[in-house]
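**Q**
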Amino acid sequence: MNTLEILEKVKNNEIDINKAETLLNDTLDYATIDYDRKRRTGAGEVIYGQSKTVEQLQGIIFNMLEHHQKSILATRISLEKYEVLKEVFPDFNYDELSQVFYYQGEEVKYNKGKIAVVCAGTSDLPVANEAAITARFLGNEVIQVTDVGVAGLHRLLKRMDDIEQANVIIVVAGMEGALASVIGGLVDKPVIAVPTSVGYGANFQGLSALLSMLNSCASGVSVVNIDNGFGAGYMAHTINCLGGKR
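Here it is as structure tokens:
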């Protein structure tokens with residue numbers, strides 16, 4: 012029950028003020044869940060699971076379900092945590108590569124346009140999958156193009172027809188991160204670049220790719236943080252929403 016629903020119930024004398032206060036302040040000791048976020052922003056609260064214990068994750072998910080949160084997305088859920096969570100939440104899906112744990116309990120109304128998620132190499136797939144799953148979860152058709160890095164530009168050129176179908180393009184790359192600039196110079200669509208921590212020693216855990224992307228000479232390229240596939244998927248969704256819903 013969101014804030015407006017609680018206030019409506021008070022207005023209609025369905026619950027008293029004390030009950031409303033309890034509902035509005037119903038939080039866990041270790042988390043304060045924003046039940047009203049989907050109404051405000053169009054997307055519900057997402058759980059970042061990397062630093063949370065299994066017990067905390069269980070408590071948060073149970074609490075969200077009890078408050079009628081029909082779709083739940085949790086990122087950075089390790090395989091070890093998933094092995095425990097799947098016994099409690101068997102209706103949830105899990106992508107081992109990106110470590111995304113999610114539940115779609117209501118029909119999603121899809122945006123009209125498509126989002127392309129393009130990654131330079133197979134080693135970038137964990138981050139690319141996180142972006143793709145996030146974008147699909149939020150209501151977008153996603154085209155995934157894999158292993159088209161600048162070491163063999165002919166591979167990219169063969170897939171440009173697919174990539175250009177999209178309204179927004181997410182480009183995921185490690186090493187020197189050059190793929191974002193290349194694609195940015197070929198398309199008339201917004202490009203969201205995602206640097207990954209893939210690369211040899213001087214890659215500095217993705218810093219070299221981040222700096223290359225930030226200094227791209229191609230117009231229309233924006234950059235999210237290192238390995239932030241979720242952030243790229245969410246941002247691509249907000250841009251694609253401008254085209255309306257089907």
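Quick note on numbering: our numbering labels position 217 of the sequence shown as 228, and the sequence is numbered without any gaps.
Where is the CB? At the ideal position from N, CA and C, for every residue including glycine.
Does the region 77-93 come within contact of the region 115-125, defined as at least 3 CB pairs closer than 8 Å?
**A** yes
**Q** So, is R50 buried or exposed, given that buried needs 16 or more other C-beta atoms within 10 angstroms?
**A** Within the sequence shown, residue 50 is the residue found at index 39, counting from 1. Exposed: under 16 other Cβ atoms inside 10 Å.
**Q** Secondary structure at Q80, three-state DSSP: helix, strand or coil?
**A** The count along the sequence shown starts at 1 and reaches residue 80 at position 69. Taken through DSSP and simplified to helix, strand or coil, Q80 comes out as coil.
**Q** Run the proximity test for P206: is its beta-carbon closer than 8 Å to any non-hydrogen atom belonging to the ligand MN?
**A** Absence of the ligand MN is noted for the structure shown, with no ligands found whatsoever.
**Q** Threshold first: 3 residues or longer. Then list the beta strand (DSSP E) segments lying entirely within the region 117-169, N to C.
**A** 125-130 and 152-157
**Q** Determine the contact status of L221 and P201, defining contact as a CB-CB distance below 9 Å.
**A** On the sequence shown, position 210 is the one that residue 221 refers to. On the sequence shown, position 190 is the one that residue 201 refers to. Result no, Cβ atoms of L221 and P201 do not sit closer than 9 Å.
**Q** Report the start-end ranges of each alpha helix (DSSP H) in the region 161-229 that is 4 residues or longer and not cut off at the edges.
**A** 164-169, 171-174, 190-195 and 218-225
**Q** To the nearest whole angstrom, what separates the beta carbons of A247 and A146, a pair I think is in contact under 8 Å?
**A** Here the question's residue 247 lines up with position 236 in the sequence shown. Here the question's residue 146 lines up with position 135 in the sequence shown. Right, their Cβ atoms sit about 6 Å apart.
**Q** Tell me the DSSP bridge mates of D106?
**A** The residue you call residue 106 lines up with position 95 of the sequence shown. Per DSSP, V111.
**Q** With a CB to CB cut of under 7 Å and the five nearest residues on each side skipped, what residues in its chain are close to I59?
**A** In the sequence shown, residue 59 corresponds to position 48, counting from 1. Checking the sequence, you will find Tyr at residue 59 rather than Ile. Contacts found: T86 and R87.
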